[in-house]
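Using numbering that gives the first Met the number 0, the letters of the sequence shown map in sequence onto residues 0 to 270.
Just so it is clear, CB atoms sit at the ideal spot from N, CA and C, and this is done for glycine as well.
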Amino acid sequence: MAECQRHSNLHLEYSQIRQEIDWFGYRNAGELSSHLVKNHENIREGFGFCLTDFIIRLSRIIASLIFSFYVGWKLTLIFLSISPLIVLSFNHLIEVIIKYTILELLAYNTANYIAQDVLVAIRTVIAFGEQDKETEQYRKNLSVGKRVSIQKGFILEITRAIVNIVLYSAILQSFAEASDGYVFDINKREKKINIFRNDGEISSNFIGDTEFKNVYFTYPSRKELSILNGLSVEISSGKAVALCGPSGYGKSITIQLIQSYLAIEKVKCRQ
Numbered sequence: 000m001a002e003c004q005r006h007s008n009l010h011l012e013y014s015q016i017r018q019e020i021d022w023f024g025y026r027n028a029g030e031l032s033s034h035l036v037k038n039h040e041n042i043r044e045g046f047g048f049c050l051t052d053f054i055i056r057l058s059r060i061i062a063s064l065i066f067s068f069y070v071g072w073k074l075t076l077i078f079l080s081i082s083p084l085i086v087l088s089f090n091h092l093i094e095v096i097i098k099y100t101i102l103e104l105l106a107y108n109t110a111n112y113i114a115q116d117v118l119v120a121i122r123t124v125i126a127f128g129e130q131d132k133e134t135e136q137y138r139k140n141l142s143v144g145k146r147v148s149i150q151k152g153f154i155l156e157i158t159r160a161i162v163n164i165v166l167y168s169a170i171l172q173s174f175a176e177a178s179d180g181y182v183f184d185i186n187k188r189e190k191k192i193n194i195f196r197n198d199g200e201i202s203s204n205f206i207g208d209t210e211f212k213n214v215y216f217t218y219p220s221r222k223e224l225s226i227l228n229g230l231s232v233e234i235s236s237g238k239a240v241a242l243c244g245p246s247g248y249g250k251s252i253t254i255q256l257i258q259s260y261l262a263i264e265k266v267k268c269r270q
């Protein structure tokens, strides 16, 4: 990188020396020196920090895309759907930076030219009493540069805000798609026991007697553990029946089966 900067300095100096006299006649000393120092400094920063930062960010983007496609290509495609908007926003951002940077440099270069000419001929300026006039010209060019800088900063921040809105909208969309998948799966799931449905057998002569014949029940999450193994019991209407036994023997499960809280696997049961 240092060798590249040295070569750029030598090439710039060689190109400046071999220019014809007329080329210097159309340019004042202050403007020329300001352009050479400021613009060359920008080029040096571009070849130094900015180029390195660009390579790092580009590598990060490529690695992130590869990992995203590997983990979840559907969500990645959703996020990439707004990538053209991001590219257009950044393109507009670059155009704004280039345009207003040129205007800003022209304004400050003119101010530098005025200051340099005044300092070189300071005795003449004082002799003719032109201090206020030169000061006003210098202040006017500084005001132009300041106004251009404010406009550039304002438009730059608006463009950045648009880029952030588009970017975070894609992130919000990805989170919404991922969350909706879980919610929609629950909404589409068919309930094993739906007490709100009107179909099925409805008894016209309901007495209230409950009878279990050879009822088997296991939890869906623990198929290896059987709670009820061939339960058979009769519960007559109007009579109290006590279910006795240690904890884990299915007393609560039996009540929940009567209340239709749980589904029965193998059953001969009627009420």
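Quick one: what's residue i bridged to in DSSP?
| i | result |
| --- | --- |
| ASN228 | TYR215 |
| ARG221 | TYR218 |
Is residue i near the ligand MG, with its Cβ less than 6 Å from a heavy atom?
| i | result |
| --- | --- |
| GLY229 | Among the components of this structure there are no ligands whatsoever, and the ligand MG is therefore not found. |
Considering only the beta carbon of each residue, do residue i and residue j sit closer than 7 Å?
| i | j | result |
| --- | --- | --- |
| ILE81 | ALA169 | yes |
| VAL232 | PHE216 | no |
| VAL240 | LEU230 | no |
| GLY144 | TYR99 | no |
| THR209 | ILE185 | no |
| ILE121 | GLN136 | no |
| SER88 | VAL162 | yes |
Let me know if residue i comes out buried or exposed under the rule of 16 or more other beta-carbons within 10 Å of its beta-carbon.
| i | result |
| --- | --- |
| ALA110 | buried |
| VAL86 | exposed |
| LEU256 | buried |
| ILE164 | exposed |
| ASN140 | buried |
| ILE252 | buried |
| VAL117 | buried |
Using CA atoms only, rank isn't needed, just tell me which of the options is closest to residue i.
| i | options | result |
| --- | --- | --- |
| GLY247 | GLN258, LYS151, LEU227, SER148 | LEU227 |
| ALA175 | LEU57, LEU74, ILE54 | LEU74 |
| SER236 | ILE65, GLY207, SER220 | GLY207 |
| ARG159 | LYS139, SER58, ILE93 | ILE93 |
| ILE149 | LEU79, ILE96, LYS222, LEU9 | ILE96 |
| ILE154 | ILE16, HIS91, LEU9, SER220 | HIS91 |
Excluding five sequence neighbours on each side, which residues of the same chain lie with their C-beta closer than 6 Å to the C-beta of residue i?
| i | result |
| --- | --- |
| ARG146 | none |
| SER67 | THR75 |
| GLY261 | Position check: residue 261 holds Leu in this sequence, whereas Gly was assumed. Closer than 6 Å at Cβ, skipping near neighbours: GLN255. |
| SER225 | THR217 |
| LYS151 | TYR99 |
Grab me the residues of residue i's own chain with a C-beta within less than 8 Å of its C-beta, minus the 5 sequence neighbours each way, in chain order.
| i | result |
| --- | --- |
| ILE157 | none |
| GLU19 | none |
Using a Cβ-Cβ cut-off of 7 Å, state whether residue i counts as contacting chain D.
| i | result |
| --- | --- |
| SER80 | This model lacks chain D altogether, as it is built from one protein chain only. |
Give every residue of the same chain whose Cβ lies closer than 7 Å to the Cβ of residue i, excluding the five residues on either side of it in the sequence, and list them in chain order.
| i | result |
| --- | --- |
| VAL124 | VAL117, GLN130, GLU133 |
| LEU166 | ILE85 |
| LYS250 | LEU242, GLY244 |
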